[in-house]
Structures are given as C-alpha cells and as structure tokens.
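A short write-up of the structure that comes next.
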Amino acid sequence: MVQRIVLLMVVGVAFTHSIADAHYLWVKIDQGNGDHGTANIYFEHSAAAGDGHYLDPFLESKTTWIRTVAEIEPKRLSLVEKRAEPDKRWVETPLPAKNPRSVDSYWLFGVYQYGKTNVLLHYYARYLDVDSHEDLHELGRADQMALDMVPHDSGRKLELRVLWNGKPVPDSVVHVRGPKGYKHNFTTDKRGIVRLTIGEDGEYSFRTSFEEQKAGKHGEEQYESIRHTATLMMTLPLSE
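Per UniProt numbering: the sequence shown = residues 1 to 240.
Written out as structure tokens, the structure reads:
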C-alpha cells in the first residue's frame with residue numbers, strides 16, 4: 001500500500017512537471033482576419049488555441065511589438081483576450097501593417113515550482129512574415145528580445161543562430177517542427193548555429209531555451225534559477 005501511494009505521488013509530480021514544461025509562447029498570423037491580418041498569441045503545447053489555463057499569470061506582463069522594413073523600431077501593440085467554445089482562450093491583436101513584418105512577443109510568467117526548486121520563467125515568441133532573403137536580413141534579429149533565434153537562408157538551406165543578450169549560445173538544443181510530421185532536434189555549434197535543409201514547403205517552428213543559475217526574488221517569491229524559452233515560426237523556403 002505504501003509503495004502504491006509513493007508511486008502515485010511520483011506520477012502526480014511528473015504529470016505536474018509535464019504540464020508546465022509542455023507549454024510555450026507562440027505567435028501565429030491569421031492573414032484573413034482584418035485589413036492586414038491578426039496576430040494570435042497562444043500559451044499552449046503547440047501553436048493553436050487551447051484552454052488557456054496558464055494565461056492568468058501573464059495578464060500584467062505581456063508585451064508584443066511589430067517591426068517592418070519601413071519601420072524597423074519595435075512598435076508596441078494592444079492585446080485583447082479572446083474566447084471561443086468549447087473552452088478555447090488566447091490573446092490577439094490586429095496588425096497595423098502588411099508583410100514583410102516581424103511580430104515579437106515577450107511575457108513574464110513569474111515563479112513556478114518544479115519539485116522543490118522555484119524557477120523564474122520568461123517566454124519569448126516571434127513570427128517572421130517575410131518572403132525574401134533581403135527582408136529576412138532586415139527583420140531577422142529582434143534586438144529587444146534577450147533570447148533570440150536569428151535565421152539566415154540560402155535557397156533551401158537555413159542557418160539559425162541562438163543569441164542570449166546578443167551573444168551566441170553554444171550547445172543549445174533547438175527543436176524544429178515542420179510540415180508532414182517533420183520533427184528533428186539540433187544542437188548549436190560553438191558559434192551558436194544550427195544548419196538544416198528545408199524539405200517540404202510550409203510553416204516551420206523552432207524552439208530553444210536558456211538557463212541562468214541565478215537566485216533572486218520576484219515580488220514576494222524567491223527563486224533559485226531563471227529559465228528563458230523562445231519560439232520562432234515562419235514559412236520556408238522563402239520565395240525570393
């Protein structure tokens with residue numbers, strides 16, 4: 001009986017961890033909604049509307065910007081919470097300019113307890129809505145994002161550099177997902193770069209994280225470390 005209780009406790013803890021670990025911040029653009037499209041922002045396992053269970057801690061901290069080639073400086077956007085049946089909840093913002101553009105979002109979750117360890121969680125998400133190599137070069141880097149993934153294309157070849165405060169991050173795992181079930185994980189080299197060949201045309205997502213072994217206090221809560229997680233989405237290959 002004791003063994004069974006212990007096992008259930010372990011499973012319960014693992015399940016709690018899996019819920020927290022499996023949620024990430026995502027930006028997607030609905031091109032057909034509004035004059036210039038609408039950015040939908042989700043905090044879910046994947047880039048789609050879910051129950052929005054973990055949205056509440058973000059209510060005072062979420063910030064989203066748009067950058068265009070014509071206006072490269074980030075312009076802050078107003079966000080509106082949306083709900084749909086059954087039990088769908090997300091955040092959206094109408095976009096004031098057409099592509100080429102980058103929609104960049106940063107949200108601070110706060111302190112989350114993993115087992116006995118309190119971790120301060122930061123989330124970053126971007127959608128690069130570009131068609132050409134030149135536009136990608138202009139919009140690829142989001143300077144306001146502490147953790148960023150910067151793509152560089154050459155035909156069907158793609159390099160992605162992971163940056164922390166503008167500096168390359170070696171040995172960082174980058175999770176890549178794409179059309180027709182494409183799924184592969186890469187590790188950055190000493191220059192913070194991963195390289196891949198684009199197979200099927202379509203929308204790709206990239207995800208990485210960075211850990212700071214730094215203790216501190218957020219509000220009234222103490223934490224032992226800081227975790228930053230970033231996602232990037234874009235359609236590949238570029239047409240020009």
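Note that CB positions come from ideal geometry on N, CA and C, so glycine has one too.
Close beta carbons around I198, own chain, < 7 angstroms, minus the five adjacent residues each side: R156, L158, L236 and P237
Contiguous beta strand (DSSP E) assignments of at least 3 residues, all confined to the region 150-215: 157-164, 173-177, 183-187, 193-197 and 202-212
Length-filtered (3 minimum) beta strand (DSSP E) runs lying within the region 73-130: 80-84, 88-94, 101-114 and 117-129
DSSP three-state assignment for E134, whether helix, strand or coil: helix
Three or more C-beta pairs below 8 angstroms linking the region 58-76 and the region 94-114: yes
CB contact flag (V173, T208, <8 angstroms): yes
Three-state secondary structure (DSSP) of D148: strand
Counted within 10 angstroms of its Cβ, other Cβ atoms place K28 as buried (16 or more) or exposed: buried
CB-CB length for V194 against L160, believed under 8 angstroms: 5 angstroms
Within 8 angstroms, strictly: CB atoms of A125 and L25: yes
Segment contact, 8 angstroms Cβ cut-off, at least three pairs: the region 209-229 with the region 117-137: yes
DSSP three-state assignment for D30, whether helix, strand or coil: strand
Sequence-distant residues of the same chain with beta carbon closer than 7 angstroms to D189, five excluded per side: P170
Cβ distance (whole Å) where A70 is taken to contact Y127 below 8 angstroms: At roughly 18 angstroms, the Cβ-Cβ gap does not stay under 8 angstroms, so A70 and Y127 are not in contact.
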